[in-house]
Amino acid sequence: MADRKSLVTTTAPTTPITSSATGDKPQWPDGRTSPGTPASTTSGKPRWPKVETQVSTKSEKKSKPWWKKVTSALSHVMIFIFLAVYTAAGGITFRHLEVPKEKELDIEARIKYNETWDDVYKTLVTVGEGFKTSDEIRGLVHDTLLMFQEAVIDATEAGVDLGSSETESQWTFPSSFFFAATVVTTIGYGNIAPITFWGRLFCIIYALLGIPLTLIAIGDMGKLFASTLTIFKKFFQKYVCRCRRRKLSTDSEHDSPKSTKYAALWTFLQVMGAIALLLIYIALGALMFTQWESWTYFESFYFCFITMTTIGLGDITPHHQMYMLLCTFYILIGLAVTSTCIELARSEYEKSWQRMLEASRRLHGISLADTLRKLNDQIETHGEIVDFSIMKDIRRAIRGMGDASEGDANGEPRLVVYESNI
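Quick note: the sequence shown uses the numbering used here, first residue 962, plus one each step.
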């Protein structure tokens, strides 16, 4: 066929071997006296040299059809579109449930503030009537100011802007969208929260459904980052390590020191690269927030780090409604980067721990082998065990190796040594 190439190789040598046993006559390793004649076997039948035939086929990688590629890309995009729609729907619902109560509290706080202000005014106007003493006047003014102070505090906690006739709602669409995103990402700054019964009940249900969806979206984005790291790995193997791309056929080749060294180096660079990518992402986000908010660069970096690690202290939160949506998407992408870094670091720590355990087992194995050698020397020399402390050393070495052999009723390994008949 056109797409197949047959490669025939023979294992027979191309030069004969001269042996004195055959009268200095050239002889081939399989018994032939010439390369053109078959060798004789014990049955008298001619035996031809062993021929190995290897047929190598050019594997044609069939690329995926274009519609499968489009479907795969759309599956990733649809996850984020669905998450965005879910977050937007949650923000609209929170706004619908909380705005009426917010307006009601605003009206009540303004009424209380105005009444308190009127009382203060009347007290200050009539403070000199009735020929009151200075102590009575001082006590009356003190009580009046305390009452006014409480009214101002209550109005501030209710979000009332006392400097204007109308208070801007906290539950605008951008802020509601941002709050819904902090719920499903488990950040939860706490600067804004539902206060109605139905709003809090909806928050519970919304979080139960939204958190798994967000984890799926973040995990999917993490896979995209992992595929990007795979591209960098191929570049690393080709140009940095100068490794040839080939399949290792045996375990000995796979576990060679060179391949192990390259694998460990790549794992280290992979973890360090992911952490560097996270720090760069946080640094760029800090630059954006210095432009959006009236923060210093350190405050912006602090906010981004607290957010990316889902600590969410809430001491610094964005306030500009214009940038709430951009901030939300920045957080979602950053969480995917953070989860990728954490998973890589966890995998590296696990591999390091496994290597430490394997090294410990090998050390115990060396100790066991040395002890068994001493035991064998005693048996060969004396015909029996002279130093019985060797048995304790054997038991200790087996325990250290985590031996899974058969034991006694308590699960302790047993070693039976018979006396030599010598």
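Note that CB positions come from ideal geometry on N, CA and C, so glycine has one too.
Given the structure is predicted, the values throughout are model-derived calculations rather than measurements.
| query | result |
| --- | --- |
| Any idea if T970 is buried or exposed, counting beta-carbon neighbours within 10 angstroms, 16 or more meaning buried? | A caution first: T970 carries a pLDDT of 42, below 50, which makes its placement in the model unreliable, though a value can still be read off. The residue in question, T970, is exposed, as its Cβ has fewer than 16 Cβ neighbours within 10 Å. |
| I'd like to know if the stretch 1154-1172 and the stretch 1290-1297 are in contact, where contact means that at least 3 CB-CB pairs between them fall below 8 angstroms. | no |
| Quick check: R1071 and V1121, are their CB atoms within less than 8 angstroms of each other? | yes |
| Start and end of the alpha helix (DSSP H) containing T910? | The question about residue 910 has no answer, for the chain in this structure spans 962 to 1383. |
| Which two residues bound the contiguous alpha helix (DSSP H) that contains V1121? | Here V1121 belongs to no alpha helix (DSSP H), and DSSP marks it neither H nor E. |
| Considering only residues of the same chain and omitting the five flanking positions on each side of K1208, which have a CB-CB separation below 6 angstroms? | The predicted model places K1208 with a pLDDT of 48, which falls under 50 and marks its position as unreliable; any figure quoted below should be read in that light. Hits under 6 angstroms: none found. |
| Would you mind stating whether T1301 and T1270 have Cβ atoms separated by less than 8 angstroms? | no |
| If you run the structure through DSSP and keep just helix, strand and coil, what is D1276? | coil |
| Looking at the C-beta of P1135, does it have a partner C-beta in chain D at a distance below 8 angstroms? | In the structure shown, chain D does not exist; there is a single protein chain. |
| Return yes when the Cβ of E1309 is within less than 8 angstroms of the Cβ of T1228, no when it is not. | yes |
| Using a Cβ-Cβ cutoff of less than 6 angstroms, which residues in the same chain neighbour S1137 once the five nearest sequence positions on both sides are dropped? | G1052, F1055, R1056 |
| I need the DSSP call for G1151, collapsed to helix, strand or coil. | coil |
| Does the contact criterion of 3 or more C-beta pairs under 8 angstroms hold for the stretch 1101-1118 versus the stretch 1073-1080? | yes |
| Suppose only complete runs of 3+ residues qualify. What are the beta strand (DSSP E) ranges in the stretch 1288-1313, listed by chain order? | none |
| Are L1230 and P1135 touching if we call contact CB-CB under 8 angstroms? | no |
| Smallest Cα separation from V1060: which of T1094, P1155, A1050, V1144? | P1155 |
| What's the C-alpha gap between F1041 and T1189? | 19 angstroms |
| Give me the Cα-Cα distance between N1152 and A1119, rounded to the nearest whole angstrom. | 12 angstroms |
| Distance check for S1255 and L1123, CA to CA, integer angstroms please. | 23 angstroms |
| Taking just the CA atoms, how far does S1130 sit from A1297? | 32 angstroms |
| Please state whether the Cβ-Cβ distance between G933 and I1148 is less than 8 angstroms. | Shown here, the chain extends from 962 to 1383; a query on residue 933 therefore has no answer. |
| By DSSP, does Q1252 sit in helix, in strand, or in coil? | helix |
| Just to confirm my understanding: we take A1116, look at its own chain, exclude 5 residues before and 5 after, and list those with CB closer than 8 angstroms. What are they? | A1070, R1071, K1073, Y1074, L1123 |
| Rounded to whole angstroms, how far is the Cβ of L1058 from the Cβ of T1157, which I believe are closer than 8 angstroms? | 6 angstroms |
| Would A1237 be called buried (16 or more neighbouring beta carbons within 10 Å of its own) or exposed? | exposed |
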